[in-house]
Amino acid sequence: MSIDTYIIYGLALAVLIVSFVLDKKKTMKGIKKGAISLLKILRILVPLIFIIGILMVIINPDVITSALGEGSGILGYLFAFVVGSITFLPAFISYPLGAELIEAGAGVPQVAGFLVTVMSVGVVYISAEIKYFSKKATLYRNLISLIGAVLVVLIVWVVF
Amino acid sequence: MGGVLMKKFMKKNRFFVIAALGLIVLAIVDFSLSIKALEHSYSSLKSMLLVIPPIFVLIGLFDVWVERETMIKLMGENSGAKGMLIAFFVAAFSAGPTIAAFPIAAMMLKKGAKYTNVLFFVMVWSTLKLPIVIFQVSTIGLKLTLIINITMLTVFVLGAIVANKVFTETETKALEEKAQAI
């Protein structure tokens, strides 16, 4: 279990206890509402997990390392953005991977581009994001994040 | 008749269909890879099912406890810089995958938060959460961490401000309306 999980459980438990003490009926209603929203999104989320599983096998760390190599040039940058944009990865997976990639000889700007997009751009999750917001809102958020990633790459390229 | 039903099924479950087709193709190309993909899916499914229930408990409790008036005052149309600051701090001190930020953000919309504040909240959540920052410094070093975070924060702030012009009132109203159904 990661630290994230402990934080969320701790928080949920604390809020749940306070809520229960204040108003038992309201608390039960809240839990029921939460459960309904959870079931609604699971229909989309579960198949996505399988699609991501397939993608992760095809685009494994070895592939990423060789594609983001120091001399990979413009293709390396493109690959960093494309691979990073496909899915969201949690920080406890992506950052150690980023450090490993740099150690294995990948270019620092490419890795930075990969790390930023892997956090903020999630093409696989677009359907879930549209379900909560709208097509335009989803496109806008992902586009802004992508622009940020390009800027990070440019700055890292100049600084390092 | 059968064709229509089939089409309906495919449309409703298109992601399941895509996943199943992908696995079949992968199994034909290399059987061990499809097993690996399933193993990967199983472990992420496990970690997702572990992390998501408490988030939805929080969302449900948020729904019954937080008054609309309170939300509008804190993050609503006229909340100004205060609304953005609140969005920033709630997101920065949160924990959990980006996908968990969507339902929380939708709940904020439902309660009357301004769309651009909610957008800012999701963007900060995705990249600038405190647990991430701690991880960043220890793995990729302070210099790279600073570059990434200062750049992204600037882009997110500008992105949220520009969104005020990009999204019409009708569009943000529609987003709020949609959020009522979560």
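Residue numbers (the numbering used here), protein chains in the order written: chain A, 35 to 194; chain B, 55 to 236. Just so you know, even glycine gets a beta-carbon here, dropped at the ideal spot from N, CA and C.
**Asked** Leaving out the 5 sequence neighbours to the left and right, which residues in its chain are closer than 6 Å to B:Ala145 when beta-carbon positions are compared?
**Response** Here the question's residue 145 of chain B lines up with position 91 in the second sequence. Excluding sequence neighbours, B:Ala145 sits near Phe175, Val178, Trp179.
**Message:** For a cutoff of 8 Å on Cβ pairs, would you count A:Phe115 as touching chain B?
**Reply:** Mapped onto the first sequence, residue 115 of chain A falls at position 81. At a cut-off of 8 Å between beta-carbon atoms, A:Phe115 makes no contact with chain B.
**Request:** Let me know if A:Ala101 comes out buried or exposed under the rule of 16 or more other beta-carbons within 10 Å of its beta-carbon.
**Result:** On the first sequence, residue 101 of chain A is found 67 positions in, with the first residue counted as 1. By the neighbour-count criterion, in which 16 or more other beta carbons inside 10 Å mark a residue as buried, A:Ala101 falls on the buried side.
**Message:** Using only the alpha-carbon positions, how far apart do B:Asn67 and A:Arg77 sit?
**Reply:** Along the second sequence, one-based indexing puts residue 67 of chain B at 13. Along the first sequence, one-based indexing puts residue 77 of chain A at 43. Spanning the alpha carbons of B:Asn67 and A:Arg77 requires a straight line of approximately 8 Å.
**Item:** chain A contact for B:Lys90 (CB, 8 Å cutoff)
**Value:** On the second sequence, position 36 is the one that residue 90 of chain B refers to. Cβ-Cβ to chain A under 8 Å: yes for B:Lys90.
**Prompt:** When DSSP labels each residue in this structure, what does A:Gly103 get in the three-state scheme?
**Reply:** In the first sequence, the residue the question calls residue 103 of chain A occupies position 69. In the structure shown, the three-state DSSP call for A:Gly103 is strand.
**Prompt:** Going straight from the alpha carbon of B:Ala91 to that of B:Phe221, what length do you get?
**Reply:** Counted from its first residue, the second sequence places residue 91 of chain B at position 37. Counted from its first residue, the second sequence places residue 221 of chain B at position 167. In this structure, the alpha-carbon of B:Ala91 lies about 40 Å from that of B:Phe221.
**Request:** Taking A:Leu135 as the reference, give the member of B:Phe147, B:Ile194, B:Lys168 with the closest Cα.
**Result:** Looking up residue 135 of chain A in the first sequence gives position 101. Distance from the Cα of A:Leu135 is smallest, within the candidate group B:Phe147, B:Ile194, B:Lys168, for B:Ile194.
**Request:** Could you run through the region 169-191 of chain B and flag, in chain order, every residue whose CB is less than 8 Å away from some CB of chain A?
**Result:** Within the region 169-191 of chain B, the residues whose Cβ lies closer than 8 Å to some Cβ of chain A are Tyr169, Leu173, Val176, Met177, Ser180, Thr181, Lys183, Pro185, Ile186, Phe189, Gln190, listed in chain order.
**Item:** Residues that B:Ala155 bridges to, as DSSP identifies them
**Value:** As a working note, residue 155 of chain B is residue 101 in the second sequence. Bridge partners of B:Ala155: none, in fact.
**Item:** Whole alpha helix (DSSP H) elements within the region 104-191 of chain A, 4-residue minimum
**Value:** Uninterrupted alpha helix (DSSP H) stretches at least 4 residues long and entirely within the region 104-191 of chain A occur at 107-120, 125-137, 142-154, 160-166, given in chain order.
**Request:** Would you identify the three-state DSSP class for B:Phe189, choosing helix, strand or coil?
**Result:** Translated into the one-based positions of the second sequence, residue 189 of chain B becomes position 135. Assignment of B:Phe189 by DSSP, reduced to helix, strand and coil, places it in the helix class.
**Message:** I need the straight-line Cα distance from A:Thr121 to B:Ile188, nearest angstrom please.
**Reply:** To locate residue 121 of chain A, count along the first sequence from 1; it is residue 87. To locate residue 188 of chain B, count along the second sequence from 1; it is residue 134. Straight-line Cα distance between these residues: approximately 22 Å.
**Request:** For B:Ala235, name the three-state secondary structure that DSSP assigns.
**Result:** Taking the second sequence and counting its residues from 1, the one referred to as residue 235 of chain B is at position 181. The answer is coil: DSSP assigns B:Ala235 none of H, G, I, E or B.
**Residue of B:Val105, B:Leu99, B:Leu80, B:Thr208 minimising C-alpha distance to A:Gly44** = Here residue 44 of chain A is taken as the residue at index 10 of the first sequence, counted from 1. Here the closest residue by C-alpha is B:Val105.
**Prompt:** Just by C-beta distance, which residues in the region 62-76 of chain B are closer than 7 Å to chain A?
**Reply:** Correct list: Phe69, Phe70, Ile72, Ala73, Gly76.
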